[in-house]
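Visitor: In the numbering used here, the protein residues as written are 325 to 489.
Positions of the beta carbon are idealized from the N, C-alpha and C atoms, including for glycine.
These numbers come from a predicted model, not from an experiment.
I'd like to ask you about the structure that follows.
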Amino acid sequence: MSPQIAGVTVPQEDVDAVVALVADVEHAQQHALPEAFLRHFRADAIWTTGHGRLLTGLDEIAAFTRTVLPPTADSPTTAGYRPVHILFVRPDIAAVKVRQRPVTRDGVYLDEIFHGHPDPAALAVERPGALPGTPTYFLAKDDGVWRIAAAQNTVVQDPGTLAAG
325 MSPQIAGVTV PQEDVDAVVA LVADVEHAQQ HALPEAFLRH FRADAIWTTG HGRLLTGLDE
385 IAAFTRTVLP PTADSPTTAG YRPVHILFVR PDIAAVKVRQ RPVTRDGVYL DEIFHGHPDP
445 AALAVERPGA LPGTPTYFLA KDDGVWRIAA AQNTVVQDPG TLAAG
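Below, the structure is given as structure tokens:
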């Protein structure tokens, strides 16, 4: 499914580049490749993790990533990433809403358990690893290359959102 596109008109190659960036972030996360992940950040980027930790600058983001990402290489679960909405604020600035879903290595999406469940909030307490994320990336196009300038990841905990899928 293609993302919804809004804002100023940009060439299709910019839309494709933003979608490719999200796909590359997914690949880096799924294969525990810190350097492949980090190459998508500006040197002055800021990042807020899904648990609320603020990281400022590429050095701090890199130190965190090199610590937390490699141990996930052997995890039975990973995350799928899909851009769902891209707002081009200017031709060189984009806000990207990403759907991040926990998934087993053989392709089973763990957040499916919430869909239509009568009490998704209680289920979330029992199965926190099944909670999806909803990152927002703010991208800047510098010298023809899209990079993450700022990002925030948020764990989805709203019962209505979980039940609706």
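Along the alpha helix (DSSP H) that carries residue 388, what are the first and last residues, could you check?
Guide: Indexing the sequence shown from 1 puts residue 388 at position 64. Run containing residue 388: 381-392, per the alpha helix (DSSP H) assignment.
Visitor: Rounding to the nearest angstrom, what Cα-Cα distance links residue 443 and residue 487 in this structure?
Guide: Residue mapping note: residue 443 aligns to position 119 of the sequence shown, counting from 1. Residue mapping note: residue 487 aligns to position 163 of the sequence shown, counting from 1. The alpha-carbon atoms of residue 443 and residue 487 are separated by roughly 8 angstroms.
Visitor: Beta carbon of residue 397, beta carbon of residue 463: below 8 angstroms?
Guide: Mapped onto the sequence shown, residue 397 falls at position 73. Mapped onto the sequence shown, residue 463 falls at position 139. It is not a contact, given that the beta carbons lie outside the stated cut-off.
Visitor: Considering just the uninterrupted stretch of the alpha helix (DSSP H) at residue 438, what are its terminal residues?
Guide: Taking the first residue of the sequence shown as 1, we reach residue 438 at position 114. First-last for residue 438: undefined, no H or E at that position.
Visitor: Please report the straight-line C-alpha distance between residue 375 and residue 479, rounded to a whole angstrom.
Guide: As a first step, residue 375 is located in the sequence shown; it is residue number 51 there, counting from the start. As a first step, residue 479 is located in the sequence shown; it is residue number 155 there, counting from the start. Computed Cα separation, rounded: 8 angstroms.
Visitor: Assuming residue 343 contacts residue 329 (C-beta within less than 8 angstroms), just tell me the rounded distance between them.
Guide: Within the sequence shown, the letter at position 19 stands for residue 343. Within the sequence shown, the letter at position 5 stands for residue 329. Contact between residue 343 and residue 329 is ruled out by a C-beta separation of about 10 angstroms, above the 8 angstroms threshold.
Visitor: With a Cβ-Cβ cutoff of 8 angstroms, do residue 345 and residue 364 count as a contact?
Guide: Here residue 345 corresponds to residue number 21 of the sequence shown, with the count starting at 1. Here residue 364 corresponds to residue number 40 of the sequence shown, with the count starting at 1. Their beta carbons are under 8 angstroms apart, which means residue 345 touches residue 364 by this criterion.
Visitor: Could you give the DSSP three-state label for residue 431: helix, strand or coil?
Guide: Your numbering for residue 431 matches position 107 in the sequence shown. Note: residue 431 maps to coil in three-state DSSP.
Visitor: Measure the C-alpha to C-alpha separation of residue 359 and residue 373 and round it to an integer number of angstroms.
Guide: Here residue 359 refers to the residue found at position 35 of the sequence shown. Here residue 373 refers to the residue found at position 49 of the sequence shown. In a straight line, the C-alpha of residue 359 is about 18 angstroms away from that of residue 373.
Visitor: Tell me, please, which residues DSSP counts as bridged to residue 466.
Guide: The residue given as residue 466 occupies position 142 in the sequence shown. According to DSSP, which records beta bridges pairwise, residue 466 is partnered with 469.
Visitor: In whole angstroms, what separates the C-alpha of residue 335 from that of residue 347?
Guide: Residue mapping note: residue 335 aligns to position 11 of the sequence shown, counting from 1. Residue mapping note: residue 347 aligns to position 23 of the sequence shown, counting from 1. Answer to the nearest angstrom: the Cα atoms are 19 angstroms apart.
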